[in-house]
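Peer 1: Pasting a structure here, questions to come.
In this note's numbering, the protein residues as written are 815 to 893.
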């Protein structure tokens, strides 16, 4: 079973741009989906995070992904 990687961003536009870029860089995984995640205990919907869910990347690809995510002030978590 492949592990999903969650790429977390504060802005929807950033998450959408990263998802599109990953779809171009890694066509074998397709364009990852972007979902909105409201953090537990958050009352204000404005504080929701935007998450890009990507599966099927190997260790070499993850280094490249991390560089991209950092450019958009995001971070990666294992899903």
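Glycine included, every Cβ here is placed at the ideal spot set by N, Cα and C.
1. Which of helix, strand or coil does DSSP assign to residue 876?
2. To which residues does DSSP link residue 819 through a beta bridge?
3. Less than 8 Å separating the beta-carbons of residue 846 and residue 868?
4. Just confirm the distance between the C-beta atoms of residue 833 and residue 851, as a whole number of angstroms; I'd bet it's less than 8 Å.
5. For the candidate residues 841, 842, 820 and 865, whose alpha-carbon lies nearest to that of residue 830?
6. Which residues in the same chain as residue 824 place their Cβ atom closer than 8 Å to its Cβ, once the five residues preceding and following it in sequence are excluded?
7. Between the beta-carbon of residue 819 and the beta-carbon of residue 892, is there less than 8 Å?
Peer 2: Looking at the coordinates:
1. Three-state DSSP puts residue 876 in a helix.
2. Per DSSP, 868 and 892.
3. A contact, by the Cβ cut-off of 8 Å.
4. Not a contact, Cβ separation roughly 14 Å.
5. Considering only alpha carbons, the answer is 865.
6. Only 863, 864, 887 and 888 meet the Cβ criterion.
7. Contact flag set, yes.
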